[in-house]
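First residue of the sequence shown? That's 871 in this note's numbering, and the numbers climb one at a time after it.
Even glycine gets a Cβ: it sits at the ideal position worked out from N, Cα and C.
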Amino acid sequence: MRIAVAKETDPAETRVALTPDVVKRLVGTGAQVTVESGAGLAAGATDEAYREAGATIAGSRGEALSGADVLLTVRRPAAGGLEGLKPGALVIGVMDPYGKGAEIAELARNGASIFAMELMPRITRAQVMDVLSSQANLAGYRAVIDAAAEFGRAFPQMMTAAGTVPPARAFVMGAGVAGLQAIATARRLGAVVSATDVRPAAKEQVASLGAKFVAVEDDEFKQAETSAGYAKEMSDAYKAKQAELVASHIAKQDIVITTALIPGRPAPRLITTAMVKSMKPGSVIVDLAVERGGNVEGSKADQVVEVDGVKIVGYANVAGRLAASSSALYAKNLTAFLETLVSKETKELAINWDDELVKATALTRDGALIHPIVKPADA
Ligand code: NAD
């Protein structure tokens, strides 16, 4: 089996799909790995490190893709990014598939079978393949570090001979994987932390990390979790009650980290400009949902916007700001999935298209759209 890793086609992407230690393991199991020169540099992985791990270095994308059975990628390659890949080859990565059927069909034109890692079911067997969790966990940590760097005050309470510095007050909105890590990180730095979510299960998790839970706990809240464990989109009436509660709470906060997402939908708007303006000058908001439309009115991708002295930080690829760590975990997620597609005897690809992991993630098979998320309704 020949595995290819090419430079990400998005120049802003710092992560790489395989790290040298994972390459070494794959080569040890008999796979051949080709890495395009420079693909890992932004994540601290040099061509030399890949070579030492047993990979072949290709001088161009075309050379890396030529003859590959599998292309591993972080993001969906740009249009034309699969030129040179042989028909039937697999492409595995984060594909951002919602509403992108046409782009994905065009990409798979040469007969590629494309898999979207973010659609992996959150079942025990697939935990090791859960790229949403591995990346969100690091993003939650980094969001607090970014907030601390922008904040002109200390996080912990400090009692000194020259006086006492009060602890920062941090509020985390959305207590999923990223939010829980943000709570833990802000607590470690010494902030007084509160958090909110629409899923009742989050209440206990927030409390277990030593943070205060703040939420509208009505009948709708009690049923806000889908069977897959995600949040539902809330009604306008709930949103209005939530906004009222948040408005009074937020005015007393120094740091706000927003992480709220709903799969396949734009991010819910949780903070209005009026709420931003109610905060003290010097306060910092980090909007982790900026790439999906943002939880905060006025947040802009890859910018720090200032509104009446309040900074709104909107880095688009926060996991990519820890490229070495996020690539290391991502590479393990990918190879764990790849192992399920390979025969233990022949070490060659042997895909069981009825496997629930394959069914959940396969967008195209040999070039044809097969997943309900991307398939036209009448196809
Ligand atoms: P996510 O990234 O989709 O969303 C982040 C958080 O935002 C979620 O907790 C969600 O409830 C919250 N949210 C959505 N709308 C909101 C609103 N209007 N106001 C406030 N909060 C809002 O979620 P995630 O981090 O991927 O996790 C979703 C769930 O899946 C969690 O229960 C998590 O513990 C669970 N999970 C399970 C596994 C597993 O293997 N079983 C793995 C990872 C996560």
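Burial state of residue i (16 or more Cβ within 10 Å)
i: residue 1176; result: exposed
i: residue 1172; result: exposed
i: residue 1029; result: exposed
i: residue 1078; result: exposed
i: residue 986; result: buried
i: residue 1080; result: exposed
i: residue 1133; result: exposed
i: residue 995; result: exposed
i: residue 889; result: buried
i: residue 1088; result: exposed
Strand pairing of residue i, partner residues [DSSP]
i: residue 1123; result: Per DSSP, none; premise fails for residue 1123.
i: residue 1043; result: 1066 and 1128
i: residue 985; result: 962 and 1232
i: residue 902; result: 872
i: residue 944; result: Note: residue 944 sits in no beta bridge, so no partner.
i: residue 1082; result: 1064
Residue i versus residue j - alpha carbon distance
i: residue 900; j: residue 1224; result: 26 Å
i: residue 915; j: residue 1220; result: 30 Å
i: residue 1234; j: residue 965; result: 11 Å
i: residue 1008; j: residue 978; result: 31 Å
i: residue 895; j: residue 1204; result: 13 Å
i: residue 1113; j: residue 884; result: 36 Å
i: residue 1027; j: residue 1072; result: 27 Å
i: residue 1040; j: residue 1017; result: 10 Å
i: residue 1033; j: residue 1179; result: 25 Å
i: residue 1256; j: residue 1128; result: The question about residue 1256 has no answer here: the residues shown for the chain are numbered 871 through 1249.
i: residue 1123; j: residue 1012; result: 19 Å
i: residue 1174; j: residue 1214; result: 50 Å
i: residue 924; j: residue 1237; result: 31 Å
Candidates the options: closest to residue i by CA position
i: residue 1022; options: 1010, 1035, 1011 and 1029; result: 1035
i: residue 882; options: 1244, 1179 and 1188; result: 1188
i: residue 1196; options: 993, 1120, 905 and 1000; result: 1000
i: residue 1183; options: 1194, 1166, 1199 and 1206; result: 1166
i: residue 1024; options: 1012, 1015 and 1038; result: 1038
i: residue 945; options: 951, 984, 878 and 1074; result: 878
i: residue 956; options: 1210, 981 and 889; result: 981
i: residue 1083; options: 1068, 1094 and 1157; result: 1068
i: residue 917; options: 898, 940, 939 and 886; result: 886
i: residue 991; options: 1226, 1245, 1239 and 1238; result: 1226
i: residue 1064; options: 1105, 1107, 1116 and 1101; result: 1116
i: residue 1015; options: 1198, 1200 and 1056; result: 1056
i: residue 921; options: 1002, 1061, 932 and 907; result: 907
Whole-number beta carbon distance between residue j and residue i, since they are thought to touch under 8 Å
i: residue 942; j: residue 962; result: 6 Å
i: residue 1045; j: residue 1075; result: 6 Å
i: residue 1130; j: residue 1138; result: 5 Å
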